[in-house]
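Novice: Take any residue in the sequence shown, note its place counting from 1, add 12, and you have its number in our numbering.
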Amino acid sequence: MGKHTPKLSVVITAHNRRKFVRAAVDSVLSQSLARSEYEVIVVKNFRDQNLDRYFAKKNVLNVYTDSESLGAKVSEGLRCSTGELVCFLEDDDMFAPNKLVRIKSLFAEYPDVVMIRNNLAHIDAAGNLIGSEKLSPKRAYVIRNPQSVLDALPRLGAHKNLSCMSVRIEPFTNYFDLYRRIKAADIFTFCVASKLGDVLVTPEILTYYRLHQESATSLVTCSYGDFVSQAVFEDQVRDRLLMLKLLRGSPSDRLLRRLACWHIAEGILKSKDFKPPLDVTCNPTELMRFLVGEDGYAFMLTYPLRIIFRILLPSLYWSYYKTTYYKRRDYFNSHGTR
């Protein structure tokens, strides 16, 4: 008989952090789904004798990589996967005991869905429940068209948290290499999925998202100056614009434009020292395109509103940004404000 191919693969990513990895793996190993029906893959950038021995004992595929970004680790995990379905998990999060059973069932129920985004509950560093996510539909919601992709951003949070995402691997095959260039693997996964097919957002709590000092969420509680100084902010702008370039013309095009715009505008509004990356063109027209999207910008160019919207409004808006929030006039003088 040939070798059995697991129906599901679970890809767990870890970067430098050892503290919670075993708890993440144990939450996967204790699933209500039969162990023979899924494989577990850990992709990490460090070696640890105790963890490595434990993974070997539990038949967990242990993949070492020197790649820095989360996207690169996701790429490694996808390449190693043999399942038809892949569930992602970051090292400090955990799965609910019925996660794999429900994901398998939902994919069977919705054959046109290429990605599922489930709801989450928050846990503290010790694993105690401390609340649930607010951005979730009351019932299962299928995202099928460009407008619903855009709606999914503020209402559903469907683009956030890789540990809540599961995909059919076959449609994603052509994107394995692109993941290596991306840092925000969760946003990229959602955007690719919206290009490939339907996305299902379910209110079922199947992921436990850990809040602790080392998590990305802790950035929300730090000072804005600390946030900018960590270079996270400018990286986010670059990352969103790279995704926009890679996925231009996809249903997520406007979503990525809006995300990039928000990051740029937030930096301008909240920090006098923030300046966009040098490779980002931030002139009045570009900023206006970000704010209103391509359809809105096309409307602006229709007669008789063309002159007002194309020249006057962007210039006034740009002047408002410069005079009210931006003290770094040298940046704009050197890069031009055409």
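Don't be surprised by glycine CBs; every beta carbon is placed ideally from N, CA and C.
Taking the Cβ atom as the reference point for each residue, do residue 251 and residue 194 lie within a distance shorter than 8 Å?
Specialist: In contact: residue 251 and residue 194 (Cβ atoms closer than 8 Å).
Novice: Spell out the partners DSSP gives residue 127 in its beta bridges.
Specialist: DSSP, once it has assigned bridges, lists 179, 211 as partnering residue 127.
Novice: Using alpha carbons as the reference points, say which of 155, 187, 265 lies closest to residue 211.
Specialist: For the residues 155, 187, 265, the minimum Cα distance to residue 211 belongs to 155.
Novice: For residue 216, does the three-state DSSP call read helix, strand or coil?
Specialist: Strand, per DSSP.
Novice: Grab me the residues of residue 109's own chain with a C-beta within less than 7 Å of its C-beta, minus the 5 sequence neighbours each way, in chain order.
Specialist: These residues qualify, in order along the chain: 42, 43, 44.
Novice: Check whether the region 125 to 143 and the region 170 to 184 touch, using three or more Cβ-Cβ pairs below 8 Å as the test.
Specialist: Yes, since at least three Cβ pairs between the region 125 to 143 and the region 170 to 184 fall closer than 8 Å, the two stretches touch.
Novice: Classify residue 24: buried if its beta carbon has 16 or more other beta carbons within 10 angstroms, exposed otherwise.
Specialist: That one is buried.
Novice: Assuming residue 187 and residue 83 form a contact by the criterion Cβ under 8 Å, report the distance between their Cβ atoms to the nearest whole angstrom.
Specialist: The Cβ separation is near 10 Å, so there is no contact.
Novice: Quick one: is residue 69 buried, meaning 16 or more other Cβ sit within 10 Å of its Cβ, or exposed?
Specialist: Its Cβ having fewer than 16 others within 10 Å, residue 69 is exposed.
Novice: Consult DSSP for residue 56 and reduce its assignment to one of helix, strand or coil.
Specialist: Residue 56 falls in the strand class under three-state DSSP.
Novice: Looking only at its own chain, which residues have a Cβ that is under 6 Å from the Cβ of residue 27, when we skip the five neighbours before and after it?
Specialist: So the qualifying residues of the chain are 57.
Novice: Under the DSSP definition of a beta bridge, which residues are partnered with residue 20?
Specialist: Looking at the DSSP assignment, residue 20 forms a beta bridge with 50, 97.
Novice: First and last residue of the beta strand (DSSP E) that includes residue 154?
Specialist: Residue 154 -> beta strand (DSSP E) spans 153 to 155.
Novice: Can you tell me where the beta strand (DSSP E) with residue 142 in it begins and where it stops?
Specialist: Per DSSP, residue 142 belongs to the beta strand (DSSP E) from 141 to 144.
Novice: How many angstroms separate the CA atom of residue 253 from the CA atom of residue 77?
Specialist: Between residue 253 and residue 77, the C-alpha separation is close to 26 Å.
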